[in-house]
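Below is one structure; the comments refer to it alone.
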Amino acid sequence: MLIERYNEVKKHVEEACKRVGRDPREVTVIAVSKTKPLEMVEELRKEKVLDFGENKVQEIRDKYANISWPVRWHLIGHLQTNKIKYIVDKVALIHSVDSIKLAQAIDKEAAKHDVKEVPILIQVNFAHEDTKFGLNPEDVFDVVKEISALEHVKIKGLMQSAPFVDDPEDNRKYFRAMKQLSVDINNKNFDNVDMSILSMGMTNDYEIAVEEGATMVRVGTAIFGERNYNI
Ligand SMILES: *Cc1c(COP(=O)(O)O)cnc(C)c1O
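Shown next, in the form of structure tokens:
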């Protein structure tokens, strides 16, 4: 039963919160359903799970069109500007904004589709991995400042995909760096920017991420099992 696996993750989140004196209600578990069939999403939805993560625009479109009850879709993967139009009015949060150009394009599509405001996170690449999307931490201030001037996007926080490591403790420093960056940005008091969401932590390392301040963890494998990309 998927709900049992989901509840297991929730329990680990609660325990991590307890270790550091946080309120577990601050943390949302996003069930990352990419590559998994709609029936699995619906099985969890029936149990009142509402937040689901996908990394492909096409997959959100398909699932959105066919699901029996509304859910909150989180776009967690890289977004190409030419695909924004397909999802701008369908997603609850875009986690993966890593350029001014992309934010401007979202702003434009939002206006076209009569979406007042699209909530976004700024993706940061703390480990400077070449293979990953995301801004260098030192560029984030300028980008946040520029994006904050846009009318139809609203920065709600930061996101990162930490490196895949054997020992999740190795990622603690990156999680801590993201929390600190969010505090530094908050202290700048940019208009139209809030830093209430920190999206970090996956199956391998979400407990450490919660200990370091994550408010959203994106968990796929621990809930849905291994993915098969060849189907
Ligand atoms: C696939 C994916 C996840 C979930 O990964 P798991 O290791 O299966 O929990 C989280 N975040 C992003 C950006 C992903 O692409």
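Numbering (this note's numbering), first residue to last: 3 to 233. Glycine included, each C-beta is placed from N, C-alpha and C at the ideal position. The structure displayed is predicted, hence computed values, not measured ones.
Heavy atom of ligand 1 within 6 Å of residue i beta-carbon
i              : result
methionine 180 : no
serine 35      : no
threonine 83   : no
methionine 204 : yes
valine 221     : yes
serine 163     : yes
isoleucine 89  : no
asparagine 57  : yes
DSSP three-state assignment for residue i, whether helix, strand or coil
i              : result
glutamate 56   : strand
valine 93      : coil
isoleucine 210 : helix
proline 39     : coil
isoleucine 78  : coil
valine 117     : coil
valine 11      : helix
threonine 83   : helix
valine 29      : coil
isoleucine 247 : Absent from the model: residue 247. The displayed extent of the chain is 3 to 233, so no value can be given.
isoleucine 122 : strand
arginine 24    : coil
arginine 47    : helix
isoleucine 5   : helix
isoleucine 225 : helix
Close-in-space but distant-in-sequence residues of the same chain around residue i (CB under 8 Å, 5 per side omitted)
i             : result
glutamate 131 : Pro165
threonine 30  : Asp53, Thr217, Met218 and Val219
glutamate 229 : Looking at the sequence shown, residue 229 is not glutamate but arginine. Excluding positions up to five away in sequence, the list reads Lys36, Thr37, Lys38, Gly222 and Thr223.
Neighbourhood of residue i by C-beta, 6 Å cutoff - its chain only, sequence neighbours within 5 removed
i              : result
valine 155     : Ala105, Ile108, Asp109, Val120 and Ile122
isoleucine 86  : Ala107, Ile108 and Glu111
alanine 113    : His154
glycine 203    : Ala211, Ala216 and Val219
asparagine 206 : Pro170
beta-carbon residue i near ligand 3 non-hydrogen atom, thresh 6 Å
i             : result
isoleucine 78 : Of the ligands one can find in the structure shown, namely ligand 1, none is ligand 3.
Cut-off 7 Å between Cβ atoms - residues of its own chain near residue i, not counting five sequence neighbours on either side
i           : result
serine 98   : Leu77, Ile78, Gly79, His80, Leu81, Gln125, Phe135 and Met161
leucine 152 : Ala105, Gln106 and Asp109
lysine 147  : Phe192
valine 88   : Checking the displayed sequence, the identity of residue 88 turns out to be tyrosine instead of valine. Cβ neighbours of tyrosine 88 beyond the five flanking positions: Val59 and Arg63.
- [ ] Would you be able to state if there are at least three C-beta pairs under 8 Å between the region 53-69 and the region 4-14?
- [x] Judged by Cβ distances under 8 Å, the region 4-14 makes no contact with the region 53-69, as fewer than three pairs qualify.
Open item on the list: In chain order, what are the residue ranges of uninterrupted beta strand (DSSP E) at least 3 long that sit wholly in the region 124-195?
Closed with: 155-161
Open item on the list: Contact between the region 176-196 and the region 208-224 is defined here as three or more beta-carbon pairs at a separation below 8 Å; is this criterion met?
Closed with: yes
- [ ] Take every Cβ of the region 18-30, pair it with every Cβ of the region 182-189, and state whether three or more of those distances are shorter than 8 Å.
- [x] Not touching, per the Cβ criterion.
- [ ] Report yes or no: do the region 36-55 and the region 70-87 share at least 3 C-beta pairs separated by less than 8 Å?
- [x] yes
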